[in-house]
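Residue numbers (full-length UniProt numbering): 1 to 100.
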């Protein structure tokens, strides 16, 4: 795999590059607060927009962009899974001991 060096200023102007990088986050807030979109749909569209910005504007290689998206998904899902597992475990203990 060919190494890729991230460009921090692909537009030639740090402010314009920052505004373009802000697009996915701004869309997420607008989709939730203004458009009243469901969270899973807003999140999915935000990931698609972020991938588009990374691929088209920052010229990130597609395999690395998809790998980063998958890593972010698993990294975010892991603590949620631990919380659910702990809640189920606590529920089962409270049912068996008659405390629930």
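Glycine included, each C-beta is placed from N, C-alpha and C at the ideal position.
Within the same chain, Cβ atoms closer than 6 Å to the Cβ of residue 61 are found at 4, the five residues on either side in sequence being excluded. By the Cβ test, the stretch 68-81 is not in contact with the stretch 10-27, since fewer than three Cβ pairs between them sit closer than 8 Å.
In the structure shown, residue 38 adopts coil according to DSSP, grouped into three states. Around residue 51, the same chain offers 65, 69 as residues with beta carbons nearer than 7 Å, after the five sequence neighbours per side are excluded. Within the stretch 14-85, the complete alpha helix (DSSP H) segments at least 4 residues long are 14-33, 39-52, listed from N- to C-terminus.
Assigned with DSSP and collapsed to three states, residue 11 falls in coil, not helix or strand. Taking 8 Å as the cut-off, the Cβ atoms of residue 42 and residue 32 count as close. Annotated three-state conformation of residue 89 is helix, per DSSP.
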